[in-house]
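I have placed the structure first, in the form of C-alpha cells, so that the comments after it can refer back to it.
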Amino acid sequence: MIMSEEILTLQHLSKFFPDGDRTITVLDDISLSMKEGEFVAIVGPSGSGKSTLLSIIGALLTPTKGKVILDGKDISAFKPAQLTATRASNIGFIFQSPNLIPYLTIKDQLLLIGKINNINKKANRNKMNELVRELGLEHRVNNYPSSLSGGEKQRVAIGRAFMNDPKIILADEPTASLDTERGRTVVEKIAYEVKTRRKAAIMVTHDERMLGVCDRVLHMEDGKLIEDNQAEKKNHPTPAQT
Numbered sequence: 001m002i003m004s005e006e007i008l009t010l011q012h013l014s015k016f017f018p019d020g021d022r023t024i025t026v027l028d029d030i031s032l033s034m035k036e037g038e039f040v041a042i043v044g045p046s047g048s049g050k051s052t053l054l055s056i057i058g059a060l061l062t063p064t065k066g067k068v069i070l071d072g073k074d075i076s077a078f079k080p081a082q083l084t085a086t087r088a089s090n091i092g093f094i095f096q097s098p099n100l101i102p103y104l105t106i107k108d109q110l111l112l113i114g115k116i117n118n119i120n121k122k123a124n125r126n127k128m129n130e131l132v133r134e135l136g137l138e139h140r141v142n143n144y145p146s147s148l149s150g151g152e153k154q155r156v157a158i159g160r161a162f163m164n165d166p167k168i169i170l171a172d173e174p175t176a177s178l179d180t181e182r183g184r185t186v187v188e189k190i191a192y193e194v195k196t197r198r199k200a201a202i203m204v205t206h207d208e209r210m211l212g213v214c215d216r217v218l219h220m221e222d223g224k225l226i227e228d229n230q231a232e233k234k235n236h237p238t239p240a241q242t
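Numbering (the UniProt record's numbering), first residue to last: 1 to 242.
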C-alpha cells in the first residue's frame, strides 16, 4: 500500500494590511493540510481573501503570521530569492487567461519551461511529449495559440504548469472564460494529472458546476476557511437553532 505524503500545511496563517490608522484582516488564522493526489476547491465571495491565500501559497506574498510548509520546508521564512526559486521548481500556476506566448508553438511553449529550469534536453522533450499526449494535444504541437480554441489553450496552460514537475498546482478561476463542456474538460484534466502524478492542487473558482470533480470543497468567508459541510450547517440552521 502506497502512503500519501503531505505536500502542503498551513499553520495558523494570517495576513494583515495597514489602512490609515487601522489594520485590515484579510486572512484570519487559517490552517489546512493537503496530501499528494488531492484536489481542493476554494469558493467564496469576492473580497473574502481567496486570491490573497493563493498568492501566499504560491510564494508571491508572505504571511503576517503563521507558517506555509511546502514539501517539508517552511517557505514563509524564505527570502525573496528563495521564494523565486520555489515558484520555479515546486509550484505550477494556471490562471483564468492562459497567457500563452503568441509567437511560440505549443511544443515550444512547454519546452521553454524546461529550459528555464535547466532540465536535460532529452528529458524535457520526453516530458513535453508525454503531457501533450495525455492532454490530447498531439495534433496541435506545431500550432500557434491563435489557431487554438479556448479549451485547447487552457489545456496547454495545464501542460505548462506540470512541465517543471511541481509539488502543487494553483488554479485561479481556470474555467471562467469557458462554456460548461470545455470548462469541465479542463478541470477533469487537472484532476487526472494531479492523481496520476501524485501532486496536490487548489482551484479557486466561482463555477459551482465544477465542484463535483474535486475531493474537497472549502469556503472562504471574511478571511476564514471552513469545510463545505460546516458552511452548509451555518447557512441552514437546525430546527433547534431557529
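For glycine and all other residues, C-beta sits at the position ideal for the given N, C-alpha and C.
#### Entry: Beta carbon of Ile30 nearer than 8 angstroms to that of Leu53
For the purposes of this step, residue 30 is taken as the residue at position 30 of the sequence shown. For the purposes of this step, residue 53 is taken as the residue at position 53 of the sequence shown. Taking a C-beta distance under 8 angstroms as the contact criterion, Ile30 and Leu53 qualify as a contact pair.
### Query
So what's Glu227 in DSSP terms, helix, strand or just coil?
The count along the sequence shown starts at 1 and reaches residue 227 at position 227. Of the three classes helix, strand and coil, the one that applies to Glu227 here is strand, per DSSP.
### Task
Could I get the ranges of all uninterrupted beta strand (DSSP E) runs contained in the region 120-195, with 3 residues as the minimum, in chain order?
As far as the region 120-195 is concerned, its whole beta strand (DSSP E) runs of at least 3 residues are 168-172.
### Message
Considering only the alpha carbon of each residue, which of Pro102, Phe16 and Leu111 lies closest to Gly66?
### Response
As a first step, residue 66 is located in the sequence shown; it is residue number 66 there, counting from the start. Relative to Gly66, the option among Pro102, Phe16 and Leu111 whose CA is nearest is Phe16.
### Message
Using a Cβ-Cβ cutoff of less than 8 angstroms, which residues in the same chain neighbour Asp74 once the five nearest sequence positions on both sides are dropped?
### Response
Here residue 74 corresponds to residue number 74 of the sequence shown, with the count starting at 1. Here the set comprises Lys67 and Val68.
### Query
Do you know how far the Cα of Arg22 is from the Cα of Val194?
Stepping through the sequence shown from its first residue, residue 194 is reached at position 194. Stepping through the sequence shown from its first residue, residue 22 is reached at position 22. Here the C-alpha atom of Val194 lies approximately 41 angstroms from the C-alpha atom of Arg22.
### Task
Tell whether a beta-carbon distance below 8 angstroms holds between Gln109 and Val186.
Locating residue 109 in the sequence shown gives position 109, where the first residue counts as 1. Locating residue 186 in the sequence shown gives position 186, where the first residue counts as 1. Contact flag unset, no.
### Message
If I follow the unbroken beta strand (DSSP E) through Gly114, where does it start and stop?
### Response
By one-based count along the sequence shown, residue 114 stands at place 114. That residue, Gly114, is in no beta strand (DSSP E); its alpha helix (DSSP H) goes Ile106 to Ile116.
### Task
Sort Leu100, Ser149, Lys50 and Gly212 by Cα distance to Leu178 and report the nearest one.
Locating residue 178 in the sequence shown gives position 178, where the first residue counts as 1. For the residues Leu100, Ser149, Lys50 and Gly212, the minimum Cα distance to Leu178 belongs to Ser149.
### Query
CA-CA distance, Ile101 and Lys107?
Within the sequence shown, residue 101 is the residue found at index 101, counting from 1. Within the sequence shown, residue 107 is the residue found at index 107, counting from 1. If I take the Cα positions, the gap works out to 12 angstroms.
### Query
How far does the beta strand (DSSP E) with Leu10 in it reach, from first residue to last?
Counting from one through the sequence shown, the residue named residue 10 turns up at place 10. Counting along the chain, Leu10 sits inside the beta strand (DSSP E) bounded by residues Glu6 to Asp19.
### Message
In whole angstroms, give me the CA-to-CA distance for Asp19 and Val26.
### Response
Residue numbering aside, residue 19 sits at position 19 when the sequence shown is read from its first letter. Residue numbering aside, residue 26 sits at position 26 when the sequence shown is read from its first letter. Between the alpha carbons of Asp19 and Val26 lies a gap of roughly 12 angstroms.
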